Amino acid sequence: YDSGVIFKPPGRSLVQPLMRSGETSSGMGSSEASVAQSDSCSWQEQSGRRHVVTEHVVPSDEWMLHPKVVLKIWEFFGRAEIDLFASEDNSHCPTFFSKEVDALAHTWPSTLLYAFPPIALIPQVIRRIREDQHRVLLVAPLWRNQVWSSELFKLSLRAPWPIPLRRDLLSQANRTIWQPQPELWALHLWSLDGSRPASPGMS
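By full-length UniProt numbering, the letter at position 104 of the sequence shown is numbered 104, and the numbering carries on one by one without gaps.
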């Protein structure tokens, strides 16, 4: 690891990351556009009730998968050791890159990694996986009209696994805020290996 990047609070290891980027609208299909629109509001529980909160309350591009879904991912694909895009309250791994430091700017360990990046960062994540030949369990949409979609298939060790839908699939703020339309994301788990042949279009 990079010197000065890893911190180890009790029971956890913190690799101090930045994930703050706007959605790109170019090449969006109906699902992608709907995600961008639905991402501007979320549901927040307060006193036993849920109500809409605006995107200014919490970063709209930082979402956490429900822990039970992640356990299914570990069961089917193996348990990742490091969460590349996380915070202390939403990491699914004992060690993680926090949002204060850009994970893309630091060396990634040679172990099985987990990543659920903002959509706008997916091309950079794919490029990093390919260039450094990492093994990553990537949560990302299956949007075939995006330029990075074909590269995901080329790096995949198996067919993408559809993330099971549930009402509270995507959350923020210690699971008190939910994305109201998770089905629009068409999220899949991609088991990627950067040592597979590269696509000439992703240089």
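Where is the CB? At the ideal position from N, CA and C, for every residue including glycine. Note that the structure is a prediction, hence the values are computed from the model and not measured.
Close beta carbons around residue i, own chain, < 6 Å, minus the five adjacent residues each side
{"i": "residue 123", "result": "148"}
Residues bridged to residue i [DSSP beta-bridge criterion]
{"i": "residue 83", "result": "96 and 114"}
{"i": "residue 135", "result": "193"}
{"i": "residue 65", "result": "170"}
{"i": "residue 123", "result": "Residue 123 is not bridged to any residue."}
{"i": "residue 188", "result": "140 and 162"}
{"i": "residue 91", "result": "DSSP, once it has assigned bridges, lists no residue as partnering residue 91."}
{"i": "residue 156", "result": "192"}
Same chain, Cβ closer than 7 Å to residue i, five either side skipped, listed in chain order
{"i": "residue 161", "result": "76, 188 and 189"}
{"i": "residue 193", "result": "135, 155 and 157"}
{"i": "residue 78", "result": "112"}
{"i": "residue 186", "result": "31, 141, 142 and 143"}
{"i": "residue 196", "result": "154 and 155"}
{"i": "residue 166", "result": "66"}
Integer-rounded CB distance, given that residue j should sit under 8 Å from residue i
{"i": "residue 73", "j": "residue 152", "result": "Contact flag wrong, Cβ pair sits at about 16 Å."}
{"i": "residue 170", "j": "residue 65", "result": "7 Å"}
{"i": "residue 62", "j": "residue 172", "result": "6 Å"}
Proximity below 7 Å, CB of residue i to CB of residue j
{"i": "residue 114", "j": "residue 80", "result": "yes"}
{"i": "residue 215", "j": "residue 191", "result": "Examination of residue 215 is not possible in this model, given that the chain is present from 1 through 203 alone."}
{"i": "residue 118", "j": "residue 125", "result": "no"}
Status (buried if at least 16 other CB within 10 Å, exposed otherwise) for residue i
{"i": "residue 103", "result": "buried"}
{"i": "residue 130", "result": "buried"}
{"i": "residue 98", "result": "buried"}
{"i": "residue 91", "result": "buried"}
{"i": "residue 133", "result": "exposed"}
{"i": "residue 182", "result": "buried"}
Sequence-distant residues of the same chain with beta carbon closer than 8 Å to residue i, five excluded per side
{"i": "residue 164", "result": "69 and 72"}
{"i": "residue 108", "result": "82, 84, 128, 132 and 134"}
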